[in-house]
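*Asks:*
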Amino acid sequence: MSENNPRALVAWQGIAVEVPTDWSLASISGDEKSGYYRVSSPGTAAIEVRWSEASEKVDLGAKLDTYLKDLDRKSRKQKLDFQSKVREKDGDLRFMWRADRKAEGRLFRCPECKRAVIVQVSGVPGDPVSAVSSFVLPSVRDHAEGGWRTWAMYDLQADVPPGYKLEKHKLMAGYLQLQFRRGANQLIIERWGLANIALKKATLAEWFRERMRTDLTGFTYKVEELTDEPEPAVQAIGRRSGILGVYRTIGDLTKLRVPAMRLDTYAWACEESNKIYSAQSMHTAKERILDDVIARVECH
Ligand SMILES: [Zn+2]
Ligand SMILES: [Zn+2]
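When you read off a place in the sequence shown, starting at 1, and then add 7, the result is the number in this note's numbering.
(1) At the level of alpha carbons, what is the spacing between Gly-112 and Ala-165?
(2) Using C-beta distances below 7 Å, list every residue in its chain close to Met-8, excluding the 5 sequence neighbours before and after it, in chain order.
(3) Is Trp-275 near ligand 2, going by C-beta to nearest heavy atom under 8 Å?
(4) Within this structure, are the beta carbons of Leu-173 and Glu-305 separated by less than 9 Å?
(5) Drop a sphere of 10 angstroms on the beta-carbon of Gln-287, count the other beta-carbons inside from all chains shown, and report buried for 16 or more, exposed for fewer.
(6) Roughly how many whole angstroms lie between the Cα atoms of Pro-169 and His-290?
(7) Considering only residues of the same chain and omitting the five flanking positions on each side of Ile-196, which have a CB-CB separation below 6 Å?
(8) Please classify Asn-281: does DSSP put it in a helix, a strand, or coil?
(9) For Val-131, decide whether its Cβ has a neighbour in chain C, counting only Cβ atoms nearer than 9 Å.
(10) Where in the region 140-193 do unbroken runs of the alpha helix (DSSP H), each at least 4 residues long, occur, reported from the N-terminal end onward?
(11) Leaving aside the five residues before and after Ile-301 along the sequence, list all residues of the same chain whose C-beta is less than 7 Å from its C-beta, in chain order.
(12) Pull up the CB-CB distance for Phe-226 and Arg-247, whole angstroms please, since I reckon it's below 8 Å.
(13) Is the closest heavy atom of ligand 1 to the C-beta of Arg-113 under 8 Å?
Below you can see the structure in the form of structure tokens.
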């Protein structure tokens, strides 16, 4: 693999890594505090990322030692020779090991996120583990500017404001959805594939209206086509209505949590990537995040 090969970003729970473009996110588990994801090559190589909350006092050396000893024990059980090496680089720990597979990795703690992160590139003998890890390991970052967290997979890359936690996600070939919540506020980022087919018989506004119809019962809103946007775009601005509006009044009176009354949605068709992107915020009067979120979604 040469330095010139194109790279893609994969990020989950804010932990981002640059990967070769033909590798893809294959497995995810856990949450913000502790979790794991794996990015697989078309062949036998993989990048694995694992994170967990860690206090200042965490002994990274001991953590790595436990990890390597465990691998050693498993290898011995299978009558495999196991070798490993650890060194320090710029305050992080770098390691490599070799058994039936070989791996190179990095372990560090971020004082801002208070998480320990271990990243490992592995493969069978013959896989370009060293070449890949030479750019993958230095590329790892675990928070974006101002405490925003990056989420990136397939053709979607977005940053989410501090405090928004992932509630639900759907990762399908033609449809990606990330749903976040902070208190009463909800943020949904979506991406649909095959925009040219979706928009063959409908305008973006028509398609969008149809999409929103079932999701947004309980809201009164208006869908508008926007001119002067870099790509064809629509927006919907609205409010909760009907019985939920009444609930809000009760909520105000009894000082319950005020539900998110306002709706802001922005969607655009990206010709270059042949995808439709949307970001939707259901929010209280104080919370205005949509413009900043949209500005950070990368479509092509
Ligand atoms: Zn961090
Ligand atoms: Zn675009």
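Virtual Cβ for every residue (Gly too), placed ideally from N, Cα, C.
*Replies:* Result, derived from the coordinates:
(1) Straight-line spacing of the CA atoms in Gly-112 and Ala-165 works out to 26 Å.
(2) Model confidence at Met-8 stands at a pLDDT of 41, short of 50, so the residue's coordinates are unreliable; what they give is reported in the following sentence. Excluding sequence neighbours, Met-8 sits near Pro-27, Pro-135, Ala-138, Val-139.
(3) Indeed, a heavy atom of ligand 2 lies less than 8 Å from the Cβ.
(4) Taking 9 Å as the cut-off, the beta carbon of Leu-173 is found no closer than this to the beta carbon of Glu-305.
(5) buried
(6) 15 Å
(7) Ala-165, Leu-185, Ala-286
(8) coil
(9) Considering every chain present, this structure includes no chain C. It has just one protein chain.
(10) none
(11) Tyr-273, Ala-286
(12) 6 Å
(13) no
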